[in-house]
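S.K.: Dropping a structure here in structure tokens format, bear with me for questions.
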Ligand code: HEC
Ligand code: HEC
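Numbering (my numbering), first residue to last: 3 to 280.
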């Protein structure tokens, strides 16, 4: 999985880049002890101790997510509903011409998936892009664009409350393994892996934030720090930048592999999109 990395594609704002800096200077010290303990500790996988990031938030934010009139992500869902019905591209077809809303029930909870006539997985945004290209003959939407996120949020909303259910497709296995390898690999100037934070140190505080277990239950999410809706990719890019690794370009297969792994790891947990996060 060779990918070219380009700094220029990072849409991260300055505050996003800076946020962890003070805490991260101390991190190797803070984590060294707990990391050693985790290594020596017993296997915890026997009982289900998984928590959504939702459970790590304060009551006010949980309420904001649960209340459709307060959840800012719902504005994108509404916009997505309008786009859903709007003809686009040279084919002048709307999503609604080919799909009923009811058809979308459960779809987001089982992506990434491998489309017909393909051998590699795509995530929900990738699936929407594929329909635009092949069925609407429309241009690709820019990553993190309002329209793409709104369509994704509208589709994802139809799976709210359903269990995350990755497809039972053996062809996904190598991608899941690749995602897991990335998850466990130390990287960046801080030489940290995702697992060191999200498995070994989940529940601890970093720069005043509780480190969540990194379950992709709520995507796309409205993140207060972004003041906008964002995709799981954007979240992963933030974490990469946080450990001073270079974020992969948006189209990199690495993200989809990570997403396949993370959705498998969260299998059975309820889907919450559009989630709210601090
Ligand atoms: C230095 C610790 C650290 C590392 C390493 C790290 N993250 Fe995170 N991650 C965080 C923190 C803290 C948050 C909570 C949000 C924030 O930044 O304030 C978070 C949030 C997340 C979330 C969002 C969970 C939710 O509830 O929406 C996901 C998913 C995630 N990380 C995945 C990853 C992956 C994949 C990697 C490896 C590429 C990684 N993280 C590396 C600290 C880390
Ligand atoms: C001209 C018809 C057509 C249009 C227009 C169209 N699609 Fe599709 N879409 C399809 C077909 C056919 C499939 C199934 C392909 C497959 O099974 O691999 C599909 C699959 C999907 C899936 C995956 C469903 C699943 O069960 O895995 C999603 C999500 C989706 N479309 C969303 C959209 C959205 C959002 C739009 C509008 C931006 C759209 N589609 C426009 C024909 C269309």
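A virtual CB, placed ideally from N, CA and C, is assigned to each residue, including glycine.
Check whether the region 124-139 touches the region 154-167, taking contact to mean three or more Cβ pairs, one atom from each stretch, closer than 8 Å.
M.R.: Contact between the region 124-139 and the region 154-167 is present, because at least three Cβ pairs lie under 8 Å.
S.K.: Between residue 116 and the rest of its own chain, which residues show a CB-CB distance below 7 Å, the 5 nearest in sequence each way excluded?
M.R.: Taken in chain order, the residues that qualify are 122, 123, 171, 173, 174.
S.K.: How close, in whole Å, do the beta carbons of residue 166 and residue 270 come, if the pair is a contact with beta carbons under 8 Å?
M.R.: Their Cβ separation, rounded to whole angstroms, is 6 Å, which keeps residue 166 and residue 270 in contact under 8 Å.
S.K.: In the DSSP assignment, find the unbroken alpha helix (DSSP H) run with residue 60 in it and report its ends.
M.R.: Unbroken run through residue 60: none, as it is neither H nor E.
S.K.: Nearer than 6 Å: is that true of the beta carbon of residue 110 relative to any heavy atom of ligand 1?
M.R.: Outside the cutoff, so no.
S.K.: Evaluate residue 82 with the Cβ neighbour count: other Cβ atoms within 10 Å of its Cβ, from every protein chain shown; 16 or more gives buried, anything less gives exposed.
M.R.: Flag for residue 82 reads buried.
S.K.: Would you check if the distance between the CB atom of residue 223 and the CB atom of residue 279 is smaller than 7 Å?
M.R.: In contact: residue 223 and residue 279 (Cβ atoms closer than 7 Å).
S.K.: Using the beta-carbon count (16 or more within 10 Å), is residue 216 buried or exposed?
M.R.: When all chains shown are included, residue 216 counts as buried.
S.K.: Buried or exposed: residue 1, going by 16 or more other Cβ atoms within 10 Å of its Cβ?
M.R.: What the structure shows of the chain is the stretch from 3 to 280, and residue 1 is not part of that stretch, so it cannot be assessed.
S.K.: What span of residues does the alpha helix (DSSP H) with residue 244 cover, start to end?
M.R.: Counting along the chain, the alpha helix (DSSP H) containing residue 244 begins and ends at 234-244.
S.K.: Using only the heavy atoms of ligand 3, determine whether one of them is closer than 6 Å to the beta carbon of residue 254.
M.R.: In the structure on display, ligand 3 does not appear, and the ligands it does have are ligand 1 and ligand 2.
S.K.: According to the Cβ coordinates, are residue 225 and residue 168 closer than 7 Å?
M.R.: Going by C-beta atoms, residue 225 is not nearer than 7 Å to residue 168.
S.K.: For the region 85-97 and the region 138-157, state whether three or more C-beta atom pairs, one from each stretch, are separated by less than 8 Å.
M.R.: Flag = yes, the region 85-97 and the region 138-157 touch.
S.K.: Ligand 1 heavy atoms versus the CB of residue 74: any closer than 6 Å?
M.R.: Residue 74 Cβ: outside cutoff for every heavy atom of ligand 1.
S.K.: Taking C-alpha atoms, which residue in 230, 253, 188 lies nearest to residue 241?
M.R.: Nearest C-alpha to residue 241: 188.
S.K.: Looking only at its own chain, which residues have a Cβ that is under 8 Å from the Cβ of residue 191, when we skip the five neighbours before and after it?
M.R.: Hits under 8 Å: 245, 246, 247.
S.K.: Got a sec: does ligand 2 put a non-hydrogen atom nearer than 6 Å to the Cβ of residue 138?
M.R.: Yes, the beta carbon of residue 138 sits closer than 6 Å to at least one heavy atom of ligand 2.
S.K.: Which same chain residues, not among the five before or five after residue 103, have their C-beta less than 7 Å away from its C-beta?
M.R.: Excluding residues within five positions, the ones whose Cβ falls inside 7 Å are 160.
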